[in-house]
Amino acid sequence: MGAIRAEYRCLRRAELPVGTIALARYLIGKTLVHDAPEGRRSGRIVETEAYVPGDAAAHHFRGMTPRNRSMFLGRGHAYVYFIYGVWYALNVSAEAKGVGGGILLRAVEPLRGIALMQARRPGATLENLARGPGRLATAFDIDRRFDGIDLCKKGPLWLGEAVRPTGAIGASVRIGITLEAHRLQRYYERNNPFVSGPKRLNI
DNA sequence: CGGCTGATGATCT
DNA sequence: GATCATCAGCCGG
1 MGAIRAEYRC
11 LRRAELPVGT
21 IALARYLIGK
31 TLVHDAPEGR
41 RSGRIVETEA
51 YVPGDAAAHH
61 FRGMTPRNRS
71 MFLGRGHAYV
81 YFIYGVWYAL
91 NVSAEAKGVG
101 GGILLRAVEP
111 LRGIALMQAR
121 RPGATLENLA
131 RGPGRLATAF
141 DIDRRFDGID
151 LCKKGPLWLG
161 EAVRPTGAIG
171 ASVRIGITLE
181 AHRLQRYYER
191 NNPFVSGPKR
201 LNI
């Protein structure tokens, strides 16, 4: 484990790896921060899924639309969509400007603002607070108002450095899709209880 | 724990 | 009109 860092800077766009898969792995262990009037929420990203160019399961596969345009803004921007009539999900755009690529943030380990998260998800255990993309967005109070914002500067929502060393990273098939289901493009920190999904995928 | 299912509305065809 | 990058609740083992 090692010492936990209390202060951390935001990630610079230049240091984000180029390419969706490389960035999806890089983001494991980094910090997601939401600065709101009521206070700061932060968490360690422990699970991501890559949606690369040409992937039929990806929202950007059929080209740019009003909904998915944020995934074409160049790496390091937020793409937030509404799904199943109930949930929001947060992605990080991942390719060069004009190219569609996205990384779904599936789970974080809460660091700060836990009481704020619990207020949004009453009754949830600490492990379940932000475990799963819909729960993460709810706990962090993320919706379409953040769609398209730059995550590489300290605005209301940004990406920070890792606050402690990152553990071994595992890979598995992605969750909840039917197309391109064989791709091993879900990444997670091994042995981390804040990771979502069935046990068999978290080995 | 694992499997199943209904809820619910934006989006695109 | 179909689909959907999900979740909570319920059931059985």
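Sequential numbering of the first sequence, starting at 1, is according to the working numbering. No residue lacks a Cβ here, since even glycine has one placed at the ideal position from N, Cα and C.
Could you check if residue 34 is buried or exposed, using at least 16 other CB atoms within 10 Å of its CB as the buried criterion?
-> Here residue 34 refers to the residue found at position 34 of the first sequence. So residue 34 counts as buried.
Exposed or buried, which one is residue 20 when buried takes at least 16 other CB atoms within 10 Å?
-> The residue labelled residue 20 in the question sits at position 20 within the first sequence. Taking a 10 Å sphere around the C-beta of residue 20, we find 16 or more other C-beta atoms and assign the residue as buried.
Starting from the N-terminal side, write out each stretch of the beta strand (DSSP E) that is 3 residues or longer and does not extend beyond the stretch 139-187.
-> Those beta strand (DSSP E) runs which fall completely within the stretch 139-187 and span 3+ residues are 157-160, 169-172.
If you pair each beta-carbon of the stretch 86-95 with each one of the stretch 5-24, do three or more pairs fall below 8 angstroms?
-> Yes, they touch.
By Cβ distance, which residues of its chain are closer than 6 angstroms to residue 162, with the 5 residues on each side in sequence left out?
-> By 1-based counting over the first sequence, the position of residue 162 is 162. 29, 30, listed in sequence order.
Entirely enclosed beta strand (DSSP E) segments - the stretch 48-87, minimum 3 residues | 78-83, all fully within the stretch 48-87.
Just tell me which of 117, 86, 78 has its CA closest to the CA of residue 103.
-> Looking up residue 103 in the first sequence gives position 103. Residue 103 has its Cα closest to that of 78, out of 117, 86, 78.
Take the Cβ of residue 68 as the centre, count every other Cβ of all protein chains shown within 10 Å, and call the residue buried at 16 or more, exposed below.
-> Taking the first residue of the first sequence as 1, we reach residue 68 at position 68. Its Cβ being crowded by 16 or more others within 10 Å, residue 68 is buried.
On the three-state DSSP scale, how would you describe residue 12?
-> Taking the first sequence and counting its residues from 1, the one referred to as residue 12 is at position 12. Coil at residue 12, not helix or strand.
Have a look at 89, 168, 117, 130 and flag the residue whose alpha-carbon is nearest the alpha-carbon of residue 143.
-> Working through the first sequence from its first residue, we reach residue 143 at position 143. Minimum Cα distance to residue 143 is reached at 89.
For residue 110: DSSP bridge partner residues = Locating residue 110 in the first sequence gives position 110, counting from the first residue. DSSP output for residue 110 lists 43 as bridge partner(s).
Alpha carbon to alpha carbon, how far is residue 185 from residue 201? Give it in angstroms, no decimals.
-> Indexing the first sequence from 1 puts residue 201 at position 201. Indexing the first sequence from 1 puts residue 185 at position 185. Near 12 angstroms, if we compare the C-alpha coordinates of residue 185 and residue 201.
Top-ranked residue by Cα proximity to residue 12, from 174, 75, 192, 171 | Position 12 of the first sequence holds residue 12. Ranking 174, 75, 192, 171 by CA distance to the CA of residue 12 puts 75 first.
Kindly confirm or deny that the stretch 191-198 and the stretch 48-62 touch, where touching means at least three C-beta pairs closer than 8 angstroms.
-> No, the stretch 191-198 does not touch the stretch 48-62.
From 119, 180, 165, pick the residue whose C-alpha is nearest to that of residue 27; which is it?
-> As a position in the first sequence, residue 27 is number 27, starting the count at 1. Across the set 119, 180, 165, the C-alpha of 165 shows the shortest separation from the C-alpha of residue 27.
Taking residue 168 and residue 43 to be in contact with their CB atoms under 8 angstroms, please state how far apart those CB atoms are, rounded to whole angstroms.
-> Position 168 of the first sequence, counting from 1, holds the residue named residue 168. Position 43 of the first sequence, counting from 1, holds the residue named residue 43. Between residue 43 and residue 168 the Cβ distance is about 19 angstroms, and since that is not below 8 angstroms, they are no contact.
How many Å lie between residue 81 and residue 156 at the Cα?
-> Residue mapping note: residue 81 aligns to position 81 of the first sequence, counting from 1. Residue mapping note: residue 156 aligns to position 156 of the first sequence, counting from 1. Rounded to whole angstroms, residue 81 to residue 156 spans 18 angstroms at the Cα level.
Rounded straight-line distance, which links the Cα of residue 158 to that of residue 203 | Your numbering for residue 203 matches position 203 in the first sequence. Your numbering for residue 158 matches position 158 in the first sequence. Their Cα atoms are separated by approximately 30 angstroms.
Tell me, which residues are paired with residue 93 by DSSP?
-> Locating residue 93 in the first sequence gives position 93, where the first residue counts as 1. Looking at the DSSP output, residue 93 sits in a beta bridge with 102.
Please check the pair residue 87 and residue 134, which I expect to be a contact at CB under 8 angstroms, by giving their CB distance rounded to whole angstroms.
-> Counting from 1 along the first sequence, the entry for residue 87 is found at position 87. Counting from 1 along the first sequence, the entry for residue 134 is found at position 134. Right, the Cβ-Cβ distance comes to about 3 angstroms (below 8 angstroms), so this counts as a contact.
Cβ atoms of residue 32 and residue 160: under 9 angstroms apart, would you say?
-> Here residue 160 refers to the residue found at position 160 when the first sequence is read from its first residue. Here residue 32 refers to the residue found at position 32 when the first sequence is read from its first residue. In this structure, residue 32 lies closer than 9 angstroms to residue 160 by Cβ.
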